[in-house]
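Note sheet for the following structure.
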Amino acid sequence: MTSFLTRILPALLLTLFVLVGCDSSDDLDAADDIANSTGTVQVGNDAAADITGNAYAVLTSNGEFGLIIFDGAYETFGTAEVAAYTVIARESQSGIPDRGSYPISESSGFMGLYANLDASNFLNSTFINAEVGTLSITSSSSSRVVGTYTFSGELIQGQTTNGTTTVSGSFDAPIFEEDDFPDEP
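If you count by this note's numbering, then the sequence shown holds residues 1 to 185, one letter each, in order.
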């Protein structure tokens, strides 16, 4: 049996790619773009785990692309107030995805993760690491990406696997290059 940390390590690395891959600047217009973004997440039949919040995408200098959908407002992201988020990203150096459908899986295309962190005890957190799914881009430009996604994977609650579940949602997100990412407002 695979250990808890081994099963969630790819998901945590994916999150770090999207969050740490961003340098800060004083671009308040960019912060406004995030404040005007939308993102939703539905987790199986568990309405308590759903997210209605904001979204943004990051494009690194070598063409890696990541999308994050999170609960709460941008100014609280990264604090204990924001606990739940979904990350969809690809390591390939393909740039911003065009309109179309893309596979989400552990081995090709985009990777996906849902996390609901327990700030008082990380080991009680909930993770769903995408095993199979689809990312559908309905609109794509150099500054914004819009679409939907769905993926399924093991539901890890605390250190226990509780079957599989589906994560789905939508996004309308501004795209930032890593050097143009805004400071918190």
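Beta carbons: idealized from backbone N, C-alpha and C, even for Gly.
Rounded to the nearest whole angstrom, the C-alpha separation of Ile104 and Thr160 is 24 Å.
In this structure, Ala89 and Asn116 do not form a Cβ contact; the two beta carbons are roughly 18 Å apart against a cut-off of 8 Å. Between the stretch 172-179 and the stretch 54-62, the count of Cβ pairs shorter than 8 Å is three or higher; the stretches touch.
DSSP places Asn62 outside both helix and strand once states are collapsed to three, so it counts as coil.
The straight-line gap separating the alpha-carbon atoms of Leu135 and Gln157 is approximately 25 Å. Residue environment: Thr164 is assigned as exposed (fewer than 16 neighbouring CB atoms within 10 Å of its CB, all protein chains considered). Here DSSP, grouped into helix, strand and coil, assigns Glu131 to strand. Across the structure, Ser108 and Asn62 are spaced so that their CA atoms are roughly 18 Å apart. Distance from the CA atom of Asn129 to the CA atom of Asn162, rounded to whole angstroms, is 13 Å. DSSP places Glu106 in the coil class of the three-state scheme, outside both helix and strand. Secondary structure at Glu178: helix, using DSSP grouped into helix, strand and coil. Straight-line spacing of the CA atoms in Thr126 and Leu113 works out to 10 Å.
Secondary structure note for Glu154: its beta strand (DSSP E) is the uninterrupted segment Arg144 to Gln157. If the five residues before and after Asn124 are omitted, its C-beta is found closer than 7 Å to the C-beta atoms of Asp118 and Gly158, all from its own chain and listed in chain order. According to the DSSP secondary-structure assignment, Thr40 is paired through a beta bridge with Thr52 and Ser170.
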